[in-house]
Amino acid sequence: MADQPHKKTILVTGCSSGIGAYCARALHAEGWLVIASARTGEDLRKLQDDGLEAFYLDYAEDQSIQDFFDSAMAVTGGRCDALFNNGGYGQVGAVEDVPVEALRAQFEANVFGWHRLTRLVLPVMRSAGRGRIVQCSSILGLVPMRFRGAYNASKHALEGLSVTLALELENTGIHVSLIEPGAIETEFRSNALTHLHRNIDIESSVHRDDYKAQLRRLDQSLASGKRRLGPEAVHAVLRHALTSPRPRYHYPVTREAKIGAIARRLLPSRWFYPFLARQD
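Each residue of the sequence shown is one higher than the last, beginning at 121 in our numbering.
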């Protein structure tokens, strides 16, 4: 603990698996004092066994956000150089099939909880006169897909909130960046399937055939063993957002995400939206 005052500190959420787990461990290896979050005791122990400080956080539980922040400040002596908001999930389902309760839960996990934690770290960063806030958004926050309406909407909201925050923090020494991955090899798809089956009545939906076709394609994709980019691709741009003297506002990750972001800017909506309507 003696050398911790000399380390840069970062809060990383959603570290049970995937992007958060990889980035937290990679940053720790690079010399950061990482305060990680997870939702199960087993995942917290794994992080702690690897030398990270780790505490419980569930974005849907207000008190857990405050408790996580308080624990982090106790470890760092009240310092917070960076925040990487990363936890959350994707609710799959046609807009007309998504219950209001499921949409509310999606925003609680993907927007409101992030906002609560961000508001807690900002006074610490303002006091220091510097800081980095990095939001793990999605290319779907810019380029929507069918049957992802709840998730698209949460990421659109995150994009708008974060860019506005960046404008309001201009010239404060605090920078805000958005990472916008496309498909990354994580457990995100399996978690999304859990929420699909939990909240969507597939058999009664007018979109039943579409759902079943998508599930077949997913099974075929998993069976093929075709690999996507891994979370190391996100870590590469996260490192730039955290350390560059001039971090970018937007970091699309994956070839498809970069193409989608360019197409959104260049193509008229009368061409672009019908094209998106044909994609799965």
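All C-beta atoms, glycine included, are put in the ideal place defined by N, C-alpha and C.
query, result
"Those residues which DSSP pairs with R252 across a bridge", "A202 and H295"
"P351 versus D321, D330, N230 and I304, residue with shortest Cα-Cα distance", "I304"
"Between the CA atoms of H317 and A174 - distance to the nearest angstrom", "31 Å"
"CA nearest to the CA of D163, picked from T129, P365 and G140", "G140"
"Identity of the residue in H355, T314, I299 and M193 nearest S257 by Cα", "I299"
"Top-ranked residue by Cα proximity to Y331, from I379, N206 and V212", "V212"
"Buried versus exposed, by CB contacts within 10 Å (16 or more), I155", "buried"
"Among Y271, A149 and R359, nearest to S297 - alpha-carbon criterion", "R359"
"Given L177 as reference, the closest of A192, D170 and D169 once Cα atoms are compared", "A192"
"Exposure label - T363; buried when at least 16 CB within 10 Å", "exposed"
"Any 3 or more C-beta pairs closer than 8 Å across the segment 373 to 392 and the segment 257 to 269", "yes"
"At least three beta-carbon pairs within less than 8 Å, the segment 220 to 240 to the segment 271 to 283", "yes"
"Alpha-carbon to alpha-carbon, G293 and V132", "20 Å"
"At least 3 beta-carbon pairs within less than 8 Å: the segment 165 to 174 vs the segment 202 to 219", "no"
"Nearest-angstrom Cβ-Cβ length linking I259 and P394, presumed shorter than 8 Å", "At roughly 19 Å, the Cβ-Cβ gap does not stay under 8 Å, so I259 and P394 are not in contact."
"Exposure of V326, with buried meaning 16 or more beta-carbon neighbours within 10 Å", "exposed"
"Boundaries (first-last residue) of the beta strand (DSSP E) holding H360", "Not the beta strand (DSSP E): H360 falls in the alpha helix (DSSP H), residues E352 to T363."
"Paired residues, beta bridge with G213 - DSSP", "R268"
"Burial state of L153, where buried means 16 or more other Cβ atoms lie within 10 Å", "buried"
"Where S82 sits in the DSSP three-state scheme", "This structure cannot speak to residue 82, because the chain is shown only from 121 to 400."
"DSSP beta-bridge partners of E173", "I155"
"Sequence-distant residues of its chain with Cβ nearer than 8 Å to G269 (five each side left out)", "G213, A214, V215 and V218"
"Backbone CA spacing between L285 and E323 [nearest angstrom]", "42 Å"
"Reduced DSSP category for T284 - H, G, I as helix; E, B as strand; rest coil", "helix"
"Assigned secondary structure, L131 (DSSP; H/G/I helix, E/B strand, else coil)", "strand"
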